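Structure first, then comments.
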Amino acid sequence: MIDNSANILYALRTLTGAIETFGETTCTYYLHVFWVECCVIYGQHAVIALSRMWAITHPISYRNRHTRPLALTLIIGVWNLRSCLYATIPDC
1 MIDNSANILY ALRTLTGAIE TFGETTCTYY LHVFWVECCV IYGQHAVIAL
51 SRMWAITHPI SYRNRHTRPL ALTLIIGVWN LRSCLYATIP DC
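Counting from 1, position 70 in the sequence shown corresponds to residue 70 in UniProt numbering; the numbering is continuous, with no gaps.
Below, the structure written as structure tokens:
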């Protein structure tokens, strides 16, 4: 739902040429969603790459230890880490 609202804002920005016409709150919301999602995508790609590297280099431990709870923990961890890192950036 958050992503869809950001996509609608992006489409409006593309059509009108500027999102600033919708107000400061809308602009801040759009930038927050855009940057957090970009950071999360990079983080998830890193987790996938490390997971694949673990599976290739240590296949037995990967098969024994890589469970659904571990996968969910990694996914939630990436979202939390990226959100916390983004939250520490001061506003311009």
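Glycine included, every Cβ here is placed at the ideal spot set by N, Cα and C.
Please read these numbers as outputs of a predicted model, since none were measured by experiment.
(Q) Can you look up His45 in the DSSP assignment and give me helix, strand or coil? (A) To locate residue 45, count along the sequence shown from 1; it is residue 45. His45 carries a helical assignment under DSSP once its states are collapsed to helix, strand and coil.
Q: Whole angstroms is fine: what's the gap from Leu74's alpha carbon to Thr28's?
A: As a position in the sequence shown, residue 74 is number 74, starting the count at 1. As a position in the sequence shown, residue 28 is number 28, starting the count at 1. About 28 Å.
Q) Quick one, are the C-beta atoms of Trp54 and Tyr42 less than 7 Å apart? A) Walking along the sequence shown from the start, residue 54 turns up at place 54. Walking along the sequence shown from the start, residue 42 turns up at place 42. It is not a contact, given that the beta carbons lie outside the stated cut-off.
Q: Report all residues from its chain with a CB closer than 6 Å to the CB of Met1; omit the five preceding and five following residues, and keep chain order.
A: The count along the sequence shown starts at 1 and reaches residue 1 at position 1. Note that Met1 scores 47 on pLDDT, short of 50, meaning its location in the model is unreliable; the coordinates nonetheless yield the value given after this. Its chain contains no residue whose beta carbon lies nearer than 6 Å to that of Met1 once the 5 sequence neighbours on both sides are disregarded.
Q: Rounded to whole angstroms, what's the CA-CA distance from Ser83 to Val47? Just pull it up for me.
A: Counting from one through the sequence shown, the residue named residue 83 turns up at place 83. Counting from one through the sequence shown, the residue named residue 47 turns up at place 47. C-alpha separation (whole angstroms): 16 Å.
Q: Could you have a look at His58 and say whether DSSP puts it in helix, strand or coil?
A: For this step, residue 58 is matched to residue 58 along the sequence shown. Reduced to three states, the DSSP call for His58 is coil.
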